[in-house]
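Its first residue numbered 152, the sequence shown is counted upward by one per residue in this note's numbering.
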Amino acid sequence: MDVGRALAAAEPTPFWLADPAAPEPAPALTGRVSCDLAVVGGGYTGLWTALRARERDPSRDVVLIEADVAGGAASGRNGGFCAASLTHGLGNGLARWPGEIATLERLGRENLDGIEATLRRYGIDAEFERTGELDVATEDWQLAELAELARQAGETGQNLEVLDAGTVRAEVGSPTYLGGVWDRDGVALVHPAKLAWGLREACLAAGVRVFERTPVRSIAEENGSLLLRTPYGSAVAAKVALGTGGFPAPLRRLRHFVAPVYDYALATEPLTDAQLASVGWRSRTGVGDSGNQFHYYRLTADNRIVWGGYDAIYHFGGAVRAELERRPATFELLAEHFFTTFPQLADVRFSHAWGGVIDTCSRFCAFYGTAHGGRLAYAAGYTGLGVGATRFGADVMLDLLGGEETERTRLAMVRSKPVPFPPEPLRFGVVQLTRWSLARADRRQGRRNLWLRALDAFGVGFDS
Ligand SMILES: Cc1cc2nc3c(=O)[nH]c(=O)nc-3n(C[C@H](O)[C@H](O)[C@H](O)COP(=O)(O)OP(=O)(O)OC[C@H]3O[C@@H](n4cnc5c(N)ncnc54)[C@H](O)[C@@H]3O)c2cc1C
């Protein structure tokens, strides 16, 4: 298979963002504005926070300030798996917060139901399909792990179906599948950019003032308020909510906890009816495979396959730059894996290839906190599973800013922080060693070396 030929015509841009539904950017902030709440960042975290703030208190004057365009970063370029899990999967949540996992799972389901209800209420067409997710095993050792996952889920009252190879292949036709576990209700698929644009529109309709192409350069206390400086203006806010994802945050302490990690994806051209029939996939479920380095893939509304994951690339010093969104070596690897999974699609070409930044933290799920005497709240560190969880994070930030004690703010998950990453150059070395060890474990029937076992013992790690 000549993967170069299959990739040759791929646009180096996210399929989701190259859509005629993309809105015109709002004007940049000029002059000095004041408000009750300034939200920094126009990804899902910021958009949900601004919208929920207005929903909770319609008299609150809310401003949203986005460095580029709302939804232009991770929120508009992800796989669109909108999961109920708030903990980057049940296994991670159970290992860290066994005593509260049942509550976390319930809150996660309520959150996913809340997203679905919000889309309906505002008439947001984000191509929401509650298809579930089918996790497949492609190596024998993964079968035992999936069976264990289904058992754990059963203990928290969920029903994950364990499927044998024949049943999985009858659903999605790949000769690589050895079995799988299907969570039919805990995951929905969305068009990620349309979700961001729809939330942005809902914010505007709710009276949020949105400024785009306006990076917040600094945040400082001034006469009992917070002053946010931007290139051509400033905002004075009683409260600030920070949702800056994997980008260097204008709150330095967050940089110890968040490492920007690049994740990459491809989209195929729309499959013909015959090509689609050769795979089956009638349920249109999202699919993930089960290595430490895993792929996630799904159909789009026009029957392309979006195929992403596997590589998780960290650049020395936490570099975040537009040119890092293009990585031919990773695109080739992803294409190779695609054709191994679906040899019957050998004549399919890719239309788009892109990357984006993931806000990775050492516990793999978001952490929360306040600064500036409780006037500023932040939520970051979603580590590749924030499409759904960011709405929960928005509510946590609003609880914290309101000084309210709620079921959310009482959670140990909300009150604790991840272990910080070490400073450079150690950080880069630690990440490379962890990546190497994870790849090796995948080649050795999942066996984890001393380094990974040490990280496990300390409850820390590196993931996309
Ligand atoms: C390729 C890829 C695939 C993914 N797949 C999935 C998936 O299938 N399911 C899932 O759940 N998650 C997935 N994720 C992760 C998910 O996209 C994120 O968890 C989620 O979008 C995080 O939203 P956010 O608002 O916190 O961050 P972002 O979407 O990154 O938004 C942060 C925003 O803040 C802005 N900003 C930064 N600094 C400043 C500043 N100083 N001033 C003003 N604005 C600023 C940025 O421009 C950006 O728009 C994926 C991510 C990537 C990159």
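Don't be surprised by glycine CBs; every beta carbon is placed ideally from N, CA and C. As the structure is a computational prediction, the values presented were derived from the model and not from experiment.
Please report the distance separating the alpha-carbon of T381 from that of A400. The residue you call residue 381 lines up with position 230 of the sequence shown. The residue you call residue 400 lines up with position 249 of the sequence shown. Their Cα atoms are separated by approximately 14 Å.
Apply the 10 Å Cβ neighbour rule to R302 and answer buried if 16 or more other Cβ atoms are within range, or exposed otherwise. Residue mapping note: residue 302 aligns to position 151 of the sequence shown, counting from 1. By the neighbour-count rule (16 or more Cβ atoms within 10 Å), R302 is not buried but exposed.
For S567, count neighbouring Cβ atoms within 10 angstroms of its own Cβ and tell me buried if that reaches 16, exposed if not. Numbered from its first residue, the sequence shown carries residue 567 at position 416. Around the Cβ of S567, a 10 Å sphere holds fewer than 16 other Cβ atoms; the residue is exposed.
With respect to 6 Å, is the separation between the Cβ of D276 and the closest non-hydrogen atom of ligand 1 below this value? In the sequence shown, residue 276 corresponds to position 125, counting from 1. The answer is no for D276.
With distances taken between CB atoms, is the gap from Y533 to A540 smaller than 7 Å? By 1-based counting over the sequence shown, the position of residue 533 is 382. By 1-based counting over the sequence shown, the position of residue 540 is 389. Pairing Y533 with A540 gives a Cβ-Cβ distance under 7 Å.
Judging by CA-CA distance, which residue of R207, L241, E352 and G230 is the nearest neighbour of G308? Along the sequence shown, one-based indexing puts residue 308 at 157. It is L241.
May I ask whether a heavy atom of ligand 1 can be found less than 6 Å away from the beta carbon of V412? Within the sequence shown, residue 412 is the residue found at index 261, counting from 1. Because no heavy atom of ligand 1 lies under 6 Å away, the Cβ of V412 does not count as near it: no.
L215 - partner residues in DSSP beta bridges: Here the question's residue 215 lines up with position 64 in the sequence shown. Partner(s): V190 and V361.
Please determine whether the Cβ atom of T181 lies at a distance below 6 Å from any heavy atom of ligand 1. On the sequence shown, position 30 is the one that residue 181 refers to. T181 has its Cβ no nearer than 6 Å to any heavy atom of ligand 1.
Got a sec, what are the start and stop residues for the beta strand (DSSP E) F398 sits in? Taking the sequence shown and counting its residues from 1, the one referred to as residue 398 is at position 247. Element bounds for F398: n/a, residue is neither H nor E.
Taking D414 as part of the beta strand (DSSP E), name the residues at either end of that continuous run. For the purposes of this step, residue 414 is taken as the residue at position 263 of the sequence shown. Going by DSSP, D414 is part of the beta strand (DSSP E) stretching over A410 to T419.
Along the chain, which unbroken stretches of the alpha helix (DSSP H) at least 4 residues long are found entirely within the region 401-487? Listed in chain order, they are 424-430.
How big is the Cα-Cα spacing for H488 and V391? Numbered from its first residue, the sequence shown carries residue 488 at position 337. Numbered from its first residue, the sequence shown carries residue 391 at position 240. The straight-line gap from Cα to Cα measures roughly 43 Å.
P569 and S615 closer than 7 Å at C-beta: Within the sequence shown, residue 569 is the residue found at index 418, counting from 1. Within the sequence shown, residue 615 is the residue found at index 464, counting from 1. No, Cβ-Cβ distance for P569 and S615 is not below 7 Å.
Using only alpha-carbon positions, find the residue among N374, T451 and W602 that is nearest to K345. Working through the sequence shown from its first residue, we reach residue 345 at position 194. When only C-alpha atoms are compared, the closest one is T451.
With a CB to CB cut of under 7 Å and the five nearest residues on each side skipped, what residues in its chain are close to G358? Within the sequence shown, numbered from 1, the residue matching residue 358 stands at position 207. The answer, listed in chain order, is R205.
Enumerate in chain order the residues of its own chain whose CB-to-CB distance from G525 is below 7 Å, with the five nearest sequence positions on each side excluded. Translated into positions along the sequence shown, residue 525 becomes position 374. Excluding its 5 nearest sequence neighbours in each direction, G525 has C-beta neighbours in its own chain below 7 Å: G554, listed in chain order.
Does the region 399-418 touch the region 457-467, meaning 3 or more C-beta pairs lie closer than 8 Å? Cβ pair count under 8 Å is three or more, so yes.
Note down the Cα distance separating L584 from W602, rounded to an integer number of angstroms. Here the question's residue 584 lines up with position 433 in the sequence shown. Here the question's residue 602 lines up with position 451 in the sequence shown. In a straight line, the C-alpha of L584 is about 8 Å away from that of W602.
Do you know how far the Cα of E558 is from the Cα of L285? In the sequence shown, counting from the first residue as 1, residue 285 sits at position 134. In the sequence shown, counting from the first residue as 1, residue 558 sits at position 407. Answer to the nearest angstrom: the Cα atoms are 31 Å apart.
Short Cβ contact (7 Å threshold) for R319 with Y328: Counting from one through the sequence shown, the residue named residue 319 turns up at place 168. Counting from one through the sequence shown, the residue named residue 328 turns up at place 177. Note that residue 319 is Val in the sequence shown here, rather than Arg. Contact annotation: V319 and Y328 have beta-carbon atoms nearer than 7 Å.
Using a threshold of 7 Å, state whether the C-beta atoms of Q596 and W348 are closer than that. As a first step, residue 596 is located in the sequence shown; it is residue number 445 there, counting from the start. As a first step, residue 348 is located in the sequence shown; it is residue number 197 there, counting from the start. No.
CA-to-CA distance, H407 to A563, given in whole angstroms: Along the sequence shown, read from residue 1 onward, the residue named residue 563 stands at position 412. Along the sequence shown, read from residue 1 onward, the residue named residue 407 stands at position 256. In a straight line, the C-alpha of A563 is about 20 Å away from that of H407.
What residue range does the beta strand (DSSP E) around F279 cover? One-based indexing of the sequence shown puts residue 279 at position 128. Unbroken run through F279: none, as it is neither H nor E.
Can you give the Cα-Cα distance for A234 and R542, rounded to whole angstroms? Taking the sequence shown and counting its residues from 1, the one referred to as residue 234 is at position 83. Taking the sequence shown and counting its residues from 1, the one referred to as residue 542 is at position 391. Using only the alpha carbons, I get a separation of about 11 Å.
Which residues in the same chain as A201 place their Cβ atom closer than 6 Å to its Cβ, once the five residues preceding and following it in sequence are excluded? Your numbering for residue 201 matches position 50 in the sequence shown. Counting only residues of its own chain and dropping the five nearest sequence neighbours on each side, A201 has a CB closer than 6 Å to the CB of V190, V213, L215, C354 and V359.
Does the Cβ-Cβ distance between N443 and A592 come in under 7 Å? In the sequence shown, counting from the first residue as 1, residue 443 sits at position 292. In the sequence shown, counting from the first residue as 1, residue 592 sits at position 441. The answer is yes: Cβ separation under 7 Å.
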